[in-house]
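As they're listed, the protein sequences go chains V and P. For what it's worth, UniProt numbering labels the leading residue of the first sequence as 1, then goes sequentially. For what it's worth, UniProt numbering labels the leading residue of the second sequence as 1, then goes sequentially.
Protein chains: 2
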Amino acid sequence: MPHTSTDAPALGLIGFGAFGRLAARQLRRHFRVLAYDPAAAADEAGVAFVGLTEAASCPVVVLAVPVCRLAETVAAVAPHLRPGALVLDVGSVKEEPARLMREGLPDHVEIVATHPLFGPQSARDGLAGLKIAVCPVRGRSARRVAAFLRRAFGLDVIVTTPEDHDRDAALAQGLTHLIAGLVVRMEPLPSRITTRSFDLLMEAVGMVRHDAPEVFEAIVRANPYAAEMRRRFAALAGAVDG
Amino acid sequence: MPHTSTDAPALGLIGFGAFGRLAARQLRRHFRVLAYDPAAAADEAGVAFVGLTEAASCPVVVLAVPVCRLAETVAAVAPHLRPGALVLDVGSVKEEPARLMREGLPDHVEIVATHPLFGPQSARDGLAGLKIAVCPVRGRSARRVAAFLRRAFGLDVIVTTPEDHDRDAALAQGLTHLIAGLVVRMEPLPSRITTRSFDLLMEAVGMVRHDAPEVFEAIVRANPYAAEMRRRFAALAGAVDG
Chain V
1 MPHTSTDAPA LGLIGFGAFG RLAARQLRRH FRVLAYDPAA AADEAGVAFV
51 GLTEAASCPV VVLAVPVCRL AETVAAVAPH LRPGALVLDV GSVKEEPARL
101 MREGLPDHVE IVATHPLFGP QSARDGLAGL KIAVCPVRGR SARRVAAFLR
151 RAFGLDVIVT TPEDHDRDAA LAQGLTHLIA GLVVRMEPLP SRITTRSFDL
201 LMEAVGMVRH DAPEVFEAIV RANPYAAEMR RRFAALAGAV DG
Chain P
1 MPHTSTDAPA LGLIGFGAFG RLAARQLRRH FRVLAYDPAA AADEAGVAFV
51 GLTEAASCPV VVLAVPVCRL AETVAAVAPH LRPGALVLDV GSVKEEPARL
101 MREGLPDHVE IVATHPLFGP QSARDGLAGL KIAVCPVRGR SARRVAAFLR
151 RAFGLDVIVT TPEDHDRDAA LAQGLTHLIA GLVVRMEPLP SRITTRSFDL
201 LMEAVGMVRH DAPEVFEAIV RANPYAAEMR RRFAALAGAV DG
């Protein structure tokens with residue numbers, strides 16, 4: 001395991017769910033990771049578990065909580081953030097989180113909204129080549145963040161706006177989750193009489209079927225463009241029995 | 001290109017569409033391929049284009065025509081088949097083709113119904129590991145055919161009945177084509193903001209979206225179990241806008 005010197009910059013990680021753990025394992029090579037999660041009795045090599053105040057006082061603070069918990073998390077960390085700190089989120093939608101952070105975090109911090117387009121499943125073999133959307137929200141840190149993510153992890157960084165992100169994600173992620181949900185409800189499905197294209201479809205389904213309910217919730221409900229996507233899909237799909 | 005000696009057994013290939021061409025390129029290593037297609041002014045190294053009578057007089061005759069043309073093809077070849085010949089089809093459904101061949105071909109020929117679960121797209125890098133369903137219809141040749149397909153091409157041979165095949169194919173192929181058709185109608189879709197699972201879904205769609213209309217027709221309409229699959233899917237999918 002790479003060694004992090006004690007003078008590496010401190011990074012506060014708020015939330016230690018499946019994605020928080022993945023983030024910690026990558027970030028500990030570059031930061032002293034100070035994690036806080038009220039729910040998780042977590043243990044992870046190279047990660048110090050601390051109180052909220054300490055985690056929120058770091059120069060970089062990553063909010064790795066479900067989108068539905070972001071508002072309360074913003075309110076909880078806000079009083080403890082230091083002037084000049086950089087705050088990032090990692091949720092699957094970006095318009096609402098960007099608004100919550102812009103309105104709820106003190107003017108003296110910089111804000112970058114991100115959406116790593118991967119999770120524990122797709123990052124099993126490393127991060128190189130995977131995608132992350134980065135949306136500047138306040139201050140000029142987004143360019144530095146993008147450069148770091150490219151250099152340190154080989155990520156394919158897509159700098160975009162929360163609106164453009166959510167519009168595309170409603171189709172890319174929303175459609176995949178919608179279809180995966182339908183395919184799962186069609187089970188049992190064949191395992192021998194299959195084609196390469198069916199195998200690919202089932203591989204796609206397998207990657208998202210065990211996603212946390214909060215991820216599904218964010219993708220299918222919290223995305224403002226998802227309802228229109230669902231409506232179009234339902235209209236097309238309801239007509240296939242013709 | 002492998003050389004086929006002139007004393008290799010002759011194989012009559014009826015139909016030279018996309019799949020007929022793929023079959024010819026593989027089979028010419030083991031047979032003198034005599035192809036007949038009234039529509040195709042085809043040219044292919046190692047394949048002799050002949051009349052229907054000559055193609056149908058070979059010891060092995062492969063009917064590589066769309067399922068919707070099989071009845072007329074069976075009627076056309078029947079008078080020319082030699083006693084002891086082996087006749088195979090390659091259609092995407094098996095119940096109806098097996099019945100058509102059993103009822104329409106003379107008692108003195110053996111019959112094996114097959115469904116190669118691949119096409120020009122999925123076979124681009126060779127046949128090894130790809131799947132083919134083999135259904136004995138008349139005589140004892142199915143075992144010999146299965147052994148040949150395994151040995152000569154490294155195919156994963158699934159010996160099954162037409163009924164079991166069609167039931168599974170309605171789900172595997174039918175569902176993939178149904179979903180692909182819906183996804184295509186949702187376009188334009190994002191190309192940058194995508195996840196690995198969405199990329200896999202689009203890869204699956206890409207493999208079938210340019211399939212010949214006859215293939216789609218066979219999978220979605222000629223399969224007796226496809227209607228029930230469509231009904232279930234439409235009921236589930238029509239409800240996602242809830």
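Glycine included, every Cβ here is placed at the ideal spot set by N, Cα and C. Because the structure is a prediction, the values reported are computed rather than measured.
Report all residues from its chain with a CB closer than 6 angstroms to the CB of residue i; omit the five preceding and five following residues, and keep chain order.
i       : result
V:Gly12 : Leu34, Ala55, Ala56, Cys58, Val61
V:Pro66 : Glu214
Ignore the nearest five residues each way along the sequence and tell me which others in residue i's own chain have a CB closer than 7 angstroms to its CB.
i        : result
P:Val76  : As written in the sequence, residue 76 of chain P is Ala, which differs from the Val given in the question. For P:Ala76, where only same-chain residues beyond five positions count, the Cβ hits under 7 angstroms are Leu52.
P:Ala123 : Leu22, Leu130
V:Pro120 : Ala18, Leu22
V:Ala78  : Gly104, Leu105, Pro106
Within this structure, are the beta carbons of residue i and residue j separated by less than 8 angstroms?
i        : j        : result
V:Ala222 : V:Val87  : no
P:Leu201 : V:Ile179 : yes
V:Pro190 : P:Leu171 : yes
V:Ala10  : P:Gly238 : no
P:Ser197 : V:Val208 : yes
P:Ile14  : P:Leu63  : yes
P:Ala128 : P:Phe153 : yes
V:Arg102 : V:Val157 : no
P:Val90  : P:His115 : yes
P:Thr81  : P:Val109 : The sequence shown places Leu at residue 81 of chain P, rather than the Thr named in the question. Yes, Cβ-Cβ distance for P:Leu81 and P:Val109 is below 8 angstroms.
Taking only the alpha-carbon atoms, compute the straight-line gap between residue i and residue j and give it to the nearest angstrom.
i                      : j        : result
V:Arg143               : V:Leu182 : 39 angstroms
V:His165               : V:Ala133 : 7 angstroms
V:Pro2                 : P:Gly206 : Residue placement at V:Pro2 is flagged as unreliable, the pLDDT there being 48, under the threshold of 50; a coordinate-derived value is accordingly withheld.
V:Thr160               : P:Arg150 : 51 angstroms
P:Ala113               : P:Glu44  : 26 angstroms
P:Phe216               : P:Cys68  : 11 angstroms
P:Pro162               : P:Asp199 : 33 angstroms
V:Met186               : P:Leu175 : 9 angstroms
V:Pro83                : V:Ser141 : 14 angstroms
P:Pro38                : P:Glu72  : 13 angstroms
P:Glu96                : P:Val240 : 35 angstroms
V:Leu236               : V:Ala218 : 23 angstroms
P:Arg192               : V:Ala98  : 20 angstroms
P:Ala226               : P:His177 : 11 angstroms
residue 305 of chain V : V:Arg232 : The question about residue 305 of chain V has no answer here: the residues shown for chain V are numbered 1 through 242.
V:Leu155               : P:Gly126 : 33 angstroms
Quick one: list the residues of chain P neighbouring residue i, beta-carbon separation under 7 angstroms, in chain order.
i        : result
V:Ala133 : Ile193
Residue i touches chain V at which residues, Cβ-Cβ below 7 angstroms?
i        : result
P:Glu203 : Leu200
P:Ile179 : Ile179, Leu201
Just list the residues that DSSP pairs residue i with in beta bridges.
i        : result
P:Cys135 : P:Ala113
V:Gly12  : V:Leu34, V:Val61
V:Phe49  : V:Ala35
P:Leu88  : P:Val62, P:Val112
V:Val159 : V:Val134
Leaving aside the five residues before and after residue i along the sequence, list all residues of the same chain whose C-beta is less than 8 angstroms from its C-beta, in chain order.
i        : result
V:Ala212 : Gly17, Ala18, Pro66
List the residues of chain P whose Cβ lies closer than 9 angstroms to the Cβ of residue i, in chain order.
i        : result
V:Asp107 : Those within 9 angstroms of V:Asp107 in chain P number zero; the least Cβ separation is about 30 angstroms.
Using a C-beta to C-beta distance shorter than 8 angstroms, which residues of chain V count as neighbours of residue i?
i        : result
P:Thr176 : Thr195, Ser197, Phe198, Leu201
Which chain P residues sit within Cβ distance under 8 angstroms of residue i?
i                      : result
V:Val112               : Result: empty, since nearest Cβ-Cβ is about 17 angstroms, beyond 8 angstroms.
residue 243 of chain V : With chain V covering only 1 through 242, there is no way to say anything about residue 243 of chain V.
V:Ala172               : Leu189, Pro190, Ile193, Thr194, Thr195, Phe198
V:Ala39                : Near V:Ala39 there are no residues of chain P at all, since even the closest Cβ is about 26 angstroms away, more than 8 angstroms.
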